[in-house]
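**Student:**
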Amino acid sequence: MTVRFDPWAGGALAEFAVAHSTSSRCHVLVECTSHLNQRWARSSLTTNGIAVDLTVTAIAFDERPDGIATASVTESVQDLDGIRSVVDAADAAALAAAPAEDASAYADPAVSDDFDAPAQILPPTHLAGATGNLGELIGWAAAAGVELFGYLERESTTLWLATSDGTRLRHCAPSDRLEITAKSHQRTRSTWHGFASAELPEHQWHGLRTAITAELAWQGNTIVMPPARRTTVLPASAVGDFAIDLYWSSGAREAVEGRSAFHDDASPTLTKLGRQVADRRIHLSSDPGDAIAPGMPFAEAGASGRMSSVFDNGRRLATTDWIRAGNLHRLIATTADAGRLGVPSAPVIDTIRLEIEDDGSNASSPLDLVSGVDDGLLLTCVWYNRTVDPQTMLLTGLTRDGVYVIRGGEIIGATSNFRFNDSPLSMLNRITAATPSTRTLPREMADYASNVVMPSAVVSDMNFTSTSDAR
Numbered sequence: 001m002t003v004r005f006d007p008w009a010g011g012a013l014a015e016f017a018v019a020h021s022t023s024s025r026c027h028v029l030v031e032c033t034s035h036l037n038q039r040w041a042r043s044s045l046t047t048n049g050i051a052v053d054l055t056v057t058a059i060a061f062d063e064r065p066d067g068i069a070t071a072s073v074t075e076s077v078q079d080l081d082g083i084r085s086v087v088d089a090a091d092a093a094a095l096a097a098a099p100a101e102d103a104s105a106y107a108d109p110a111v112s113d114d115f116d117a118p119a120q121i122l123p124p125t126h127l128a129g130a131t132g133n134l135g136e137l138i139g140w141a142a143a144a145g146v147e148l149f150g151y152l153e154r155e156s157t158t159l160w161l162a163t164s165d166g167t168r169l170r171h172c173a174p175s176d177r178l179e180i181t182a183k184s185h186q187r188t189r190s191t192w193h194g195f196a197s198a199e200l201p202e203h204q205w206h207g208l209r210t211a212i213t214a215e216l217a218w219q220g221n222t223i224v225m226p227p228a229r230r231t232t233v234l235p236a237s238a239v240g241d242f243a244i245d246l247y248w249s250s251g252a253r254e255a256v257e258g259r260s261a262f263h264d265d266a267s268p269t270l271t272k273l274g275r276q277v278a279d280r281r282i283h284l285s286s287d288p289g290d291a292i293a294p295g296m297p298f299a300e301a302g303a304s305g306r307m308s309s310v311f312d313n314g315r316r317l318a319t320t321d322w323i324r325a326g327n328l329h330r331l332i333a334t335t336a337d338a339g340r341l342g343v344p345s346a347p348v349i350d351t352i353r354l355e356i357e358d359d360g361s362n363a364s365s366p367l368d369l370v371s372g373v374d375d376g377l378l379l380t381c382v383w384y385n386r387t388v389d390p391q392t393m394l395l396t397g398l399t400r401d402g403v404y405v406i407r408g409g410e411i412i413g414a415t416s417n418f419r420f421n422d423s424p425l426s427m428l429n430r431i432t433a434a435t436p437s438t439r440t441l442p443r444e445m446a447d448y449a450s451n452v453v454m455p456s457a458v459v460s461d462m463n464f465t466s467t468s469d470a471r
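Numbering-wise (full-length UniProt numbering), the sequence shown opens with residue 1 and increments by one.
Structural data, given as structure tokens:
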């Protein structure tokens, strides 16, 4: 067939690539990302950019009597020759590869009505509203002796999946991000706000001024607090960072092999599936059709990994409860792992929601939660989380940009940052109050997870192990 190279027409490019393959079967992912961004430092714009990236992934399957070998190649492309090179490389690599351990039945063919629609490209004007509000905020900050640093991003990624079996799927995923760090008093005081949106309502922009003013003022009263276990108010951003770590630790294979906190020697499946692992008020789920943080509606993997398989490409994704009423309901499992391990199939889904049943507190914000705490801390965010012990899901990490001291339901000052050692799974058993869930921007995980819906929460006995000089 005659094809003209049009970087916005990913559907036609995907079909061209599939037709070019000489392998038994071929899957092709074409991804076009339109990107707008601005950065500022010291209350001045430092960079802004407009970019469009086009990548092609070819996944070749070589079917043999002893199994199916696969190989994946991903490259940025600028013409049809580039696409041919990607496919040729995948075909050759599959011929040289050993049979795949994750081989399973291919997904039934499925077709999107909009497969032939072009990529969604963002015009520069899409940042106009946010830029105007940001300019006003910077003007206010300059008058108040506050320096602003931050990042504003709007992104739209259009993905096409075409397979030799006839699958033709398309999905467009928008992703916005706004991060603002405010510093004052020769940068000895610092606070952070992050949003999974670039278009904030007017009242939220004005609310930022009030919040920044209060937070920097609280830091004017330093209170020495030794490391200890303390009742802690976590904003939704921090809860999101912990929940994502938990989600990414929820692989069925790791659980069966004894490498996660969800292993159980006494269970027929060697997992804690069906057992209570959290407070009964806890619900952790993924819904591709989530009303405020929708995700990819079908499975797509450019290469097989510990929790994904190229053999699952194109499978329709449905709402999945990972933890339902405190019970472990599903673990992430590819079709191949499900058959091998004797657990339900549950593909990874790129949206995550934590709900905590109403506790009667009527809290709608972290400050509302503060009013119910007699003695504790309010964190701004967590940073640099790393796994210490996967078998207990123990993490270590740092607080950053403001730790506030609570006495009698009020914030009376600020203390140093801390290093903490704690387990997200354990935290789900120690939540004493929470707000309704809202879309949030996890500070640590924002580069990897953008569809996140979380509550703010009060966690008892959060384990702070040492002070930190981080700001």
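For every residue, glycine included, the Cβ atom is placed at its ideal position computed from N, Cα and C.
Can you tell me the Cβ-Cβ gap for W40 and L216, rounded? I've got them flagged as a contact below 8 Å.
**Tutor:** The Cβ separation is near 18 Å, so there is no contact.
**Student:** According to the neighbour-count rule (16 or more other Cβ atoms, all chains shown, within 10 Å of its Cβ), is R407 buried or exposed?
**Tutor:** Label assigned to R407: exposed.
**Student:** Alpha carbons only, please: which of D287, G409, T399, G166 is nearest the one belonging to H27?
**Tutor:** Checked all of D287, G409, T399, G166; the closest Cα to H27 is G166.
**Student:** Hey, S423 and L394 are a contact pair by Cβ (cut 8 Å); roughly how many whole angstroms apart?
**Tutor:** Right, their Cβ atoms sit about 5 Å apart.
**Student:** Between the C-alpha atoms of A19 and H171, what's the straight-line distance to the nearest angstrom?
**Tutor:** Their backbone Cα atoms lie some 21 Å apart in a straight line.
**Student:** Can you tell me whether I411 is buried or exposed, with buried defined as 16 or more other CB within 10 angstroms of its CB?
**Tutor:** That one is buried.
**Student:** Does the Cβ of A333 have 16 or more other Cβ atoms within 10 Å, making it buried, or fewer, making it exposed?
**Tutor:** Buried: at least 16 other Cβ atoms inside 10 Å.
**Student:** Per DSSP, which one or two residues make a beta bridge with G67?
**Tutor:** According to DSSP, G67 bridges with R64.
**Student:** Going by beta carbon distance, what residues of the same chain come within less than 6 Å of R259, once the five residues before and after it are set aside?
**Tutor:** The answer, listed in chain order, is P390.
**Student:** What do you reckon, are the CB atoms on L441 and G194 nearer than 7 Å?
**Tutor:** It is a contact, given that the beta carbons lie within the stated cut-off.
**Student:** Compare the beta carbon distance of T432 and V343 with 7 Å and say whether it is the shorter of the two.
**Tutor:** Not a contact, by the Cβ cut-off of 7 Å.
**Student:** Note down the Cα distance separating W218 from D241, rounded to an integer number of angstroms.
**Tutor:** Distance between the alpha carbons of W218 and D241: 25 Å.
**Student:** Run through the DSSP bridge pairs and tell me what S175 is partnered with.
**Tutor:** Bridge partners of S175: E155.
**Student:** Measure how close the beta-carbons of V458 and T231 come, nearest whole angstrom, since I'm counting them as under 8 Å.
**Tutor:** So it is a contact: roughly 7 Å between Cβ atoms.
**Student:** Under a Cβ-count criterion, where at least 16 other Cβ atoms within 10 Å of its own Cβ denotes burial, should P347 be classed as buried or exposed?
**Tutor:** When all chains shown are included, P347 counts as buried.
**Student:** Is it right to say H185 is buried, meaning 16 or more other beta carbons lie within 10 angstroms of its own, or is it exposed?
**Tutor:** H185 is exposed by the Cβ-count criterion.
**Student:** Can you name the start and end residues of the beta strand (DSSP E) that L395 belongs to?
**Tutor:** First-last of the beta strand (DSSP E) with L395: 394 to 407.
**Student:** Would you say V30 and A14 are within 7 Å of each other, going by their C-beta atoms?
**Tutor:** Yes; because the gap between Cβ atoms is below 7 Å, this pair is in contact.
**Student:** So which of R168, L341, M462 has the shortest CA-CA distance to D113?
**Tutor:** Here the closest residue by C-alpha is R168.
**Student:** Excluding the 5 residues preceding and the 5 following F311 in the sequence, name in chain order all residues of the same chain whose CB lies nearer than 7 Å to its CB.
**Tutor:** Only D102, A103, S104, Y106, T335, A336 meet the Cβ criterion.
**Student:** Determine the DSSP secondary structure at I83, reduced to helix, strand or coil.
**Tutor:** In the structure shown, I83 sits in a helix (DSSP, three-state: H, G or I).
**Student:** What do you reckon, are the CB atoms on I244 and M445 nearer than 7 Å?
**Tutor:** Against a cut-off of 7 Å, the Cβ pair of M445 and I244 comes out as a contact.
**Student:** Starting from the Cα of L317, find the closest Cα among S285, A90, R340 and give me that residue.
**Tutor:** Closest by alpha carbon: S285.
**Student:** Within the same chain, show all residues whose beta-carbon is closer than 8 Å to that of T319, passing over the 5 residues directly before and after it, in chain order.
**Tutor:** Counting only Cβ-Cβ distances below 8 Å, and skipping sequence neighbours, we find S285, S286, D287, P288, G289.
**Student:** Name the residue from V86, D279, T22 whose alpha carbon lies nearest to the alpha carbon of G302.
**Tutor:** Closest option to G302, Cα to Cα, is V86.
**Student:** According to DSSP, which residues form a beta bridge with P99?
**Tutor:** Note: P99 sits in a beta bridge opposite A69.
**Student:** Alpha carbons only, please: which of A338, F464, I356 is nearest the one belonging to R253?
**Tutor:** With distances taken between Cα atoms, R253 lies closest to A338.
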